[in-house]
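One gets the numbering used here by counting positions in the sequence shown from 1 and adding 11 to each. Idealized CB from N, CA, C, for every residue including glycine. Note that the coordinates shown come from a computational prediction; the quantities given were computed from them, not determined experimentally. So the structure is just underneath, and the comments pick up after that.
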Amino acid sequence: MNRRQFCGGAAALGLGTATLTQAQSSLRPLPIPPLMDLRPGVDKRIPLVLAPGRHDFGTGTLSETFGIGAPYLGPVIRASSGQTLPFDVSNGIGEVTTLHWHGLHIPGDVDGGPHQEIEPGEMWSPDVPLAQRAATTWFHSHTHGRTARQTYKGLAGVLIVEDEDSRSADLPQTYGVDDFTLILQDRAFDGTGQLTYMLSAEVFEDGFEGETLTVNGTLAPVGRAVPRGLVRLRLLNACNARFLTLSMAAGPLHVIASDGGFLTRTVETETILMSPGERYEVLVDMGSTEENSLLVRFGADAGIMARLGGLFGGGGPMTALTLTRTAEAGTIATMPDRLAALDPPDPSAATVTRNFTLEMETGADLAALAMAWDNFCGDAGAMAINGMPMNMDRIDEEARLGDTEIWRISVDDMLHPFHIHGCSFRILTQNGGPPPAYAAGWKDMVHVEDGWSEVLVRFDHPAPAQAPYMYHCHILEHEDCGMMGQFTVS
12 MNRRQFCGGA
22 AALGLGTATL
32 TQAQSSLRPL
42 PIPPLMDLRP
52 GVDKRIPLVL
62 APGRHDFGTG
72 TLSETFGIGA
82 PYLGPVIRAS
92 SGQTLPFDVS
102 NGIGEVTTLH
112 WHGLHIPGDV
122 DGGPHQEIEP
132 GEMWSPDVPL
142 AQRAATTWFH
152 SHTHGRTARQ
162 TYKGLAGVLI
172 VEDEDSRSAD
182 LPQTYGVDDF
192 TLILQDRAFD
202 GTGQLTYMLS
212 AEVFEDGFEG
222 ETLTVNGTLA
232 PVGRAVPRGL
242 VRLRLLNACN
252 ARFLTLSMAA
262 GPLHVIASDG
272 GFLTRTVETE
282 TILMSPGERY
292 EVLVDMGSTE
302 ENSLLVRFGA
312 DAGIMARLGG
322 LFGGGGPMTA
332 LTLTRTAEAG
342 TIATMPDRLA
352 ALDPPDPSAA
362 TVTRNFTLEM
372 ETGADLAALA
382 MAWDNFCGDA
392 GAMAINGMPM
402 NMDRIDEEAR
412 LGDTEIWRIS
422 VDDMLHPFHI
432 HGCSFRILTQ
442 NGGPPPAYAA
452 GWKDMVHVED
462 GWSEVLVRFD
472 HPAPAQAPYM
482 YHCHILEHED
492 CGMMGQFTVS
């Protein structure tokens with residue numbers, strides 16, 4: 012158990028216990044984010060308005076937030092592979108921002124990374140082509156040096172890509188009835204119930220971690236009545252830095268999809284470890300039980316945190332969502348055995364191997380460079396990949412279009428999530444061993460703490476020098492502080 016896991020557990024079991032115990036005294040209704048269904052077709056440009064808002068998380072107090080067409084967070088966009096989505100992203104938040112399409116396989120010039128800045132009062136109008144298998148993806152701020160605060164305040168939403176296979180599958184697909192999107196976040200509130208975000212050298216080391224769990228912008232636990240049959244939960248860990256361990260109150264989790272789409276078959280597992288930025292889809296059988304709950308524990312070691320919960324008088328895992336069955340019939344089906352035809356990853360297809368070391372232990376010289384290159388580290392030292400903090404004017408790697416590569420990632424301290432833009436990949440090893448079965452499909456996130464994590468990746472879209480892709484730690488404060496690099500594909 013490392014220091015970060017202990018501190019995360021202490022937060023959950025200290026101030027967080029009181030906050031969450033009070034919240035769990037009654038179930039709030041599960042908020043359903045507004046659906047923007049673009050599958051019937053698009054005949055005009057699609058406005059996405061980024062603006063300040065005021066939002067009550069359930070504390071009874073309005074907090075100053077950002078939102079995308081709403082006071083906090085954005086819509087769930089649903090579209091089909093093969094469509095091109097003409098967005099008009101207008102910036103009304105009063106500071107430079109961007110909007111990155113996390114998980115989409117798209118060219119670098121519409122990726123929404125830090126090179127596609129939107130000045131205050133200006134508009135960015137990308138035509139975003141969807142050319143990938145069905146997947147639950149998301150979008151969020153990716154402003155150089157400001158990603159963490161802007162995303163924390165609410166600049167995030169979900170984009171669901173459908174394809175012919177997903178539409179014809181015998182799975183729950185009725186949004187807000189038996190198909191739910193759950194945006195899981197940890198948030199901090201002051202004594203008046205207002206959202207807070209404060210940074211220090213220690214916070215930069217771990218990334219910002221709040222003590223209170225929210226679901227779709229509302230204090231957990233939340234509840235929802237659902238029809239009899241299968242229920243689909245699309246899970247997004249939208250925390251800045253916190254890993255989440257998920258389980259069910261009754262029975263195992265039935266995982267059907269990861270970041271990049273369907274698995275080959277349904278995977279039964281007692282827990283899922285979700286890093287910041289990861290997505291999973293699970294099925295809950297509400298035909299065989301009248302009530303079941305999704306449980307969330309802060310941190311990466313479920314067994315240790317459960318024991319600490321008993322030691323300190325905490326309640327163990329937190330209830331995020333309780334589903335209650337009604338008499339109405341929904342998707343009456345069995346858990347699917349076969350989902351997608353995925354060949355095993357073939358490392359022999361790789362023509363290039365690249366090594367990346369994520370570094371937290373850097374000296375004063377690098378801290379000065381990081382500041383000069385507009386990274387934001389507050390009072391902390393710089394962070395780097397392969398010895399250098401992020402520099403917007405430096406291309407770190409050059410890949411060839413259509414090549415298959417092996418990327419090997421290691422760290423010098425603690426557990427980090429690693430994300431690559433513009434693609435999905437297959438995990439060969441995670442922390443020096445095979446990935447869990449639920450992470451054996453298409454991914455765009457991998458985490459690493461011990462040994463190497465290795466992924467097999469192919470780049471099918473161009474990213475020129477003026478609009479390169481990013482690779483970075485998805486602890487957002489680490490990204491802002493320089494633990495990021497950029498690469499071209501040509």
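Here M481 is actually not in contact with G80; their C-beta atoms are around 25 Å apart, not less than 8 Å. When secondary structure is reduced to three states using DSSP, G462 falls in the coil class, being assigned neither helix nor strand. The C-alpha of W384 is placed about 43 Å away from the C-alpha of L332. Restricting attention to A351, Q127 and L244, the CA atom closest to the CA of N303 is found in L244. Ranked by how close their Cα comes to the Cα of L141, the residues P328, L49 and G105 have L49 in first place.
The stretch 406-415 makes no contact with the stretch 345-352, as fewer than three CB pairs between them are under 8 Å. Taking 4 residues as the shortest admissible run, the stretch 338-391 contains the following complete alpha helix (DSSP H) segments, listed from N- to C-terminal end: 375-383. The C-alpha of A180 is placed about 35 Å away from the C-alpha of F68.
In this structure, the beta-carbon distance from V242 to L334 falls below 8 Å. Between A360 and T415, the gap from beta carbon to beta carbon is short of 8 Å. Here G165 is buried. Its C-beta has 16 or more other C-beta atoms within 10 Å. For the pair A340 and G240, the CB atoms are nearer than the 8 Å cut-off. In this structure, DSSP gives V214 a helical state, which the three-state scheme calls helix. Straight through space, the alpha carbons of D120 and G228 are spaced by roughly 31 Å. Contact between G452 and L274 is confirmed by a C-beta separation of about 4 Å, below the 8 Å threshold. About 12 Å separates the CB atoms of L369 and P400; that is not less than 8 Å, and the two are not in contact. Under the criterion of beta carbons closer than 8 Å, F98 and P137 qualify as touching, at roughly 6 Å. For P63, the beta-bridge partners assigned by DSSP are F77. Under a 10 Å Cβ-count criterion, E175 is classified as exposed, with fewer than 16 other Cβ atoms of the shown protein chains found around its own Cβ.
The shortest CA-to-CA distance from L115 to any of G272, Q497, T223 and T154 is the one to G272. In this structure Q161 is buried. Its beta-carbon is surrounded by 16 or more other beta-carbon atoms within 10 angstroms. Between the C-alpha atoms of T154 and R336 there is a straight-line separation of about 43 Å.
Sixteen is the threshold: when 16 or more other Cβ atoms of the shown chains lie within 10 Å of the Cβ of K454, as they do, the residue is buried. When DSSP states are grouped into helix, strand and coil, Q205 belongs to the coil group. Setting aside the 5 residues that flank it on each side, L246 is surrounded in the same chain by L193 and Y291, each with a C-beta closer than 6 Å to its C-beta; the list follows chain order.
Taken in chain order, the whole beta strand (DSSP E) runs of length 3 or more contained in the stretch 383-461 are 408-410, 415-422, 427-431, 436-440 and 456-459.
For H472, no alpha helix (DSSP H) encloses it, and the DSSP letter there is neither H nor E. Within the DSSP bridge table, the entry for N102 names L61 as partners.
Beta-bridge pairing by DSSP links S258 to L306. In summary, A212 is exposed, with fewer than 16 beta-carbon neighbours lying within 10 Å of its beta-carbon over all protein chains present. Counting the other Cβ atoms within 10 Å of the Cβ of I343 gives fewer than 16, which makes it exposed. In the structure shown, the three-state DSSP call for A142 is coil.
Here DSSP, grouped into helix, strand and coil, assigns L487 to helix. Residue burial annotation: E488 is buried, with at least 16 other C-beta atoms found within 10 angstroms of its C-beta. Cβ-Cβ separation between L96 and V60: approximately 16 Å, too far for a contact (criterion under 8 Å).
Residue D217 holds the alpha-carbon nearest to the alpha-carbon of A391 among T207, D217, P118 and T185.
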